[in-house]
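This report refers to the structure that appears directly beneath it.
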């Protein structure tokens with residue numbers, strides 16, 4: 001690409017299975033499983049002051065259960081003489097109504113499904129509670145490249161952190177959902193700005209590095225870019241417009257030879273044509289005017305067609321060194337450093 005200004009900055013405001021017994025239960029176990037619920041039901045009805053006859057039923061059932069269990073314990077698991085291959089005990093065979101004939105019992109027993117053993121269901125897993133920091137502090141400025149912390153900020157952007165209230169400080173933050181750390185500016189133009197690009201020197205810039213460069217080392221003084229994440233930050237807002245800010249000649253101070261613009265939400269930071277011209281400046285830094293040799297009235301766009309031309313520019317025809325914030329001293333002429341951000 002052609003020579004860039006000495007520095008420039010861009011900101012954006014904006015498996016489980018049920019356990020099944022492998023061995024068939026004993027007859028006594030089957031009786032307990034079958035008659036236990038019946039006894040419990042009779043007790044519950046008695047406690048609820050149902051018909052007095054319930055007490056009689058309860059006594060008869062308990063006596064029957066004790067007699068059958070005692071007989072089974074005495075005889076063991078062997079079937080009684082003449083039984084042959086006896087069928088498994090079933091709920092219908094044991095719990096037929098009083099006075100029912102043997103034919104009824106056989107019919108019910110034939111249609112009933114034999115017991116196959118008890119099933120135990122595991123407890124449902126409980127997902128861990130998400131952990132985040134509602135009031136984060138910025139990372140130390142000398143910690144670059146920044147490593148992901150154990151706990152991220154609950155906010156998803158600089159603007160969201162500003163809107164939460166409190167007193168957030170300028171600096172580097174790891175936000176929920178962001179793949180890289182970002183540098184936030186809460187001190188200028190209302191705060192909530194996210195640094196997208198710093199062009200401190202002319203070296204190493206091309207259509208790839210302008211999308212991402214030193215992404216874990218946000219800086220106001222060294223080459224840095226996260227332009228490929230800019231649209232994701234933009235989409236965190238719910239308005240119809242977003243704001244971006246350009247600062248030129250940043251080595252001489254903040255908020256010089258640039259300004260703050262509004263653009264439609266449909267506009268992209270990685271657009272590859274010069275057609276995004278429906279922008280409006282809402283705050284101007286210093287006294288300058290749109291001109292072909294300086295900042296022009298369009299959103300910065302990526303020039304992917306040239307090798308020596310400007311890579312990121314506001315010019316309609318990027319055949320010189322002018323890039324997005326390249327306008328500077330002398331009313332839009334000249335070079336210098338700059339910053340660009342979004343919120």
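Numbering (the UniProt record's numbering), first residue to last: 1 to 343.
Note that the Cβ used here is the ideal one computed from N, Cα and C, for glycine as well.
Being a predicted model, the structure only gives us computed values, none of them experimental.
Beta bridge counterpart(s) of residue i as assigned by DSSP
i	result
residue 281	261
residue 165	According to DSSP, which records beta bridges pairwise, residue 165 is partnered with nothing at all.
residue 184	171, 194
residue 224	198
residue 313	301
residue 254	BP columns for residue 254 are empty, so no partner.
residue 242	263
residue 213	225
residue 142	Beta-bridge pairing links residue 142 to no other residue.
residue 133	153
Distance between beta carbons of residue j and residue i, contact taken as under 8 Å
i	j	result
residue 162	residue 192	4 Å
residue 11	residue 195	6 Å
residue 227	residue 270	6 Å
residue 144	residue 216	7 Å
residue 9	residue 220	7 Å
Buried versus exposed, by CB contacts within 10 Å (16 or more), residue i
i	result
residue 150	exposed
residue 101	Confidence at residue 101 is low in this model, with a pLDDT of 47, below 50, so the placement of that residue is unreliable and no value is reported for it.
residue 315	buried
residue 40	exposed
residue 185	buried
residue 225	buried
residue 375	Lying outside 1 to 343, the shown extent of the chain, residue 375 is not represented and no answer is given.
Cα-Cα separation between residue i and residue j, rounded to whole angstroms
i	j	result
residue 174	residue 152	6 Å
residue 166	residue 211	32 Å
residue 262	residue 126	46 Å
residue 229	residue 190	22 Å
residue 170	residue 138	7 Å
residue 183	residue 291	31 Å
residue 197	residue 266	20 Å
residue 257	residue 131	42 Å
residue 298	residue 140	36 Å
residue 334	residue 154	Because residue 334 sits at a pLDDT of 29, beneath the cut-off of 50, its placement in the model cannot be relied upon, and the following sentence gives the value as read from the coordinates. Approximately 42 Å between the Cα atoms of the pair.
residue 146	residue 222	15 Å
residue 274	residue 300	8 Å
residue 208	residue 311	10 Å
residue 242	residue 157	14 Å
residue 259	residue 284	4 Å
residue 164	residue 244	21 Å
residue 309	residue 134	45 Å
residue 247	residue 254	7 Å
residue 218	residue 250	15 Å
residue 105	residue 56	At residue 105 the pLDDT is 41, less than 50, meaning the model places this residue with poor confidence; the figure from the coordinates comes in the next sentence. Answer to the nearest angstrom: the Cα atoms are 23 Å apart.
residue 238	residue 187	23 Å
residue 37	residue 61	11 Å
residue 240	residue 176	23 Å
residue 136	residue 172	10 Å
Same chain, Cβ closer than 6 Å to residue i, five either side skipped, listed in chain order
i	result
residue 296	290, 314, 315
residue 304	207, 272
residue 279	261, 263, 299
residue 281	259, 261
Own chain residues within Cβ distance below 7 Å of residue i, not counting five before or after
i	result
residue 71	none
residue 277	297, 298
residue 268	231
residue 286	256, 257
residue 180	215, 216, 226, 229
residue 148	174
residue 204	223
Proximity test, residue i beta-carbon vs the ligand ZN heavy atom, cut-off 7 Å
i	result
residue 194	As for the ligand ZN, it is missing from this structure, which has no ligand bound.
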